Amino acid sequence: MDKLSIRGGKPLNGSIAMSGAKNAALPILCAALLSEEALVLDNLPRLQDIASMLKLLRQHGVEVSGEQPGPVALRTPHLASDEAPYEIVKTMRASILVLGPLVARFGRARVSLPGGCAIGARPVDQHIKGLEKLGAKVTIEQGYILAEAKRLKGARIVTDMVTVTGTENLLMAATLAEGQTIIENAAREPEVVDLANCLIAMGARIQGAGTDRIIIDGVARLHGAKHRIIPDRIETGTFLCAVAAVGGDVTLTGAAPRTLDAVIEKLREAGADISHNGDWIRVRNDRRLKAVNARTLPYPGFPTDMQAQLMALNTTADGAGVITETIFENRFMHVPELTRLGANIRIENDTAIVQGVPTLSGARVMATDLRASASLVIAGLIAHGETVIDRIYHLDRGYEQMERKLAAIGADIQRVKS
Ligand code: EPU
């Protein structure tokens, strides 16, 4: 397993380009199941999760052509298998996103239940309840969700909580349902909007994406389309946190600053100087930051996917920052690792109280999930001496060439192959 070796304490300067959004690309790849014609996607990030999704889609019968970073075309003339096997689903929970499209177009899907993961139990009951509302017969057998429907029928669905992939699954399913579907309490994340825009380009009739009420008028078939994936706001936010915490002056290009309001506000409150325009964003800092409080919320609130990175920033800020995680019940796995680097953090239920210390010192730490890994990279960049991060396959799932991008702006960071 590869490791990252970081020698911290070096300011970051220069300019780097942001990649396409992982969490927009994953559902949009699944949208290829909805049409027999080609869906051509640009700006797909080169990530392990994208490779896993392409592997899953190929075994369903999706024909994939083109090489990243160029456009990739996906065509699904017919179904090769309606089963999403445990072996693939267990490596990537987003596999659940094939459920809605498979039932909607082919009338049947057998998708492994994902099970719990490092950040929480993460049930998929809302995906299932929503599909049942749309008229699917759903049974659970031997760890698999079996969903069947001749043709889905439009319905009004009110989800119990805001769920991102739940909204995306039901949105895709409803595009081919008979009649109108209304999703109430829908997720408003930019990734949901990007998916809706791609589906609209394929001929779907959707209104209200980006609000908590999405209205879909089902159509008989969807056609091919070309779509460009939006920039990754969490990758961008992670680099913003790194530069703010370590110091320097960096411009991130190919970004979508408008999707980062809550993160930019927090970093400004902490004392970082941030300016942006159109598709670039510049962050500057040359002094000790002030600790900030944050509470994770569905979009447009502060994202849970940025919680660990903001915590890393707070570790050496002036004062105490209180961070509350409201989305996932077990998303503080980075705390014991940050503590190994000298951070002073106390956890009380869903809240972490971070008392800033003057500096961190390098140590060996272990990555436990994707965003936890990103927080350890930021802490390693802050720390004096060498930090070695083990199990960085987590990082490779969701950040494209993170160490190369950091090295390009002056970080002393190396991948150690094993
Ligand atoms: N939930 C349920 N039942 C459901 C669905 C969700 O109880 O049927 C709960 C979850 O357990 C959680 C909350 O609702 O407590 C919100 O979960 P959500 O469904 O929104 O999460 P997700 O769709 O599984 C996506 C991202 C995550 C991101 C969350 C929250 C993708 C592929 N994944 O997950 O991204 O943290 O939304 O914004 O879009 C990451 O990229 O590192 C990552 C974990």
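Letter by letter, the sequence shown follows residues 12 to 429 of the working numbering. All C-beta atoms in this analysis are idealised placements derived from N, C-alpha and C, irrespective of residue type, glycine included. Everything numeric in this text was worked out from a predicted model, so none of it was measured.
Residue j beta carbon less than 7 Å from that of residue i
i              : j              : result
glutamate 48   : glycine 235    : yes
valine 274     : methionine 317 : yes
serine 46      : valine 427     : no
valine 303     : glutamate 280  : yes
arginine 342   : methionine 377 : no
alanine 267    : isoleucine 245 : no
glycine 229    : arginine 199   : no
threonine 178  : alanine 197    : yes
arginine 119   : glutamate 159  : yes
alanine 95     : glutamate 202  : no
leucine 145    : alanine 207    : no
methionine 322 : valine 368     : no
histidine 238  : leucine 52     : yes
valine 388     : leucine 23     : no
arginine 121   : tyrosine 155   : yes
lysine 14      : valine 294     : no
isoleucine 227 : isoleucine 217 : yes
alanine 67     : isoleucine 99  : Rather than alanine, the amino acid found at residue 67 in this sequence is leucine. It is a contact, given that the beta carbons lie within the stated cut-off.
isoleucine 356 : valine 346     : yes
proline 112    : leucine 163    : no
glycine 127    : glycine 165    : no
Same chain, Cβ closer than 7 Å to residue i, neighbours up to 5 away in sequence not counted
i           : result
leucine 37  : Asp60, Met64, Ala105, Leu108
lysine 416  : Ile27
glycine 330 : Lys301, Ala302, Gly367
leucine 90  : His71, Gly72, Phe117
Neighbourhood of residue i by C-beta, 8 Å cutoff - its chain only, sequence neighbours within 5 removed
i         : result
serine 26 : Val261, Thr262, Leu263, Thr264, Ile420
Spatial neighbours of residue i in its chain, beta-carbon cut-off 6 Å, leaving aside the 5 residues before and after
i              : result
glycine 396    : Ser372, Gly373
alanine 385    : Thr249, Gln320
glycine 141    : Ile168, Leu181
aspartate 380  : Ala129, Ile130, His405
aspartate 423  : Arg18, Lys21
alanine 132    : none
threonine 307  : Phe313, Thr315, Gln318, Glu336, Thr337, Ile338
threonine 270  : Pro201, Arg244
glycine 391    : Ile17, Gly19, Thr398
isoleucine 292 : Leu263, Ala266, Pro268
Cβ neighbour criterion (16 or more within 10 Å) applied to residue i
i              : result
methionine 12  : exposed
tyrosine 404   : exposed
threonine 170  : buried
glycine 31     : buried
serine 286     : exposed
glycine 353    : buried
methionine 172 : exposed
proline 88     : exposed
glycine 289    : exposed
threonine 327  : buried
glycine 409    : buried
arginine 382   : buried
serine 429     : exposed
asparagine 296 : buried
isoleucine 358 : exposed
alanine 231    : exposed
aspartate 205  : buried
threonine 150  : exposed
glycine 259    : buried
threonine 370  : exposed
Residue i: CB within 6 Å of a non-hydrogen atom of the ligand EPU
i                 : result
aspartate 401     : no
valine 135        : yes
asparagine 360    : no
isoleucine 240    : no
isoleucine 156    : no
glycine 146       : no
glycine 111       : no
alanine 36        : no
aspartate 316     : yes
alanine 220       : no
valine 175        : yes
alanine 105       : yes
arginine 382      : yes
isoleucine 61     : no
phenylalanine 339 : yes
methionine 172    : yes
valine 138        : According to the sequence as given, residue 138 is histidine; it is not valine. Yes, the beta carbon of histidine 138 sits closer than 6 Å to at least one heavy atom of the ligand EPU.
Check: residue i C-beta below 6 Å from any heavy atom of the ligand SAH
i             : result
threonine 270 : You won't find the ligand SAH in this model; what it holds is the ligand EPU.
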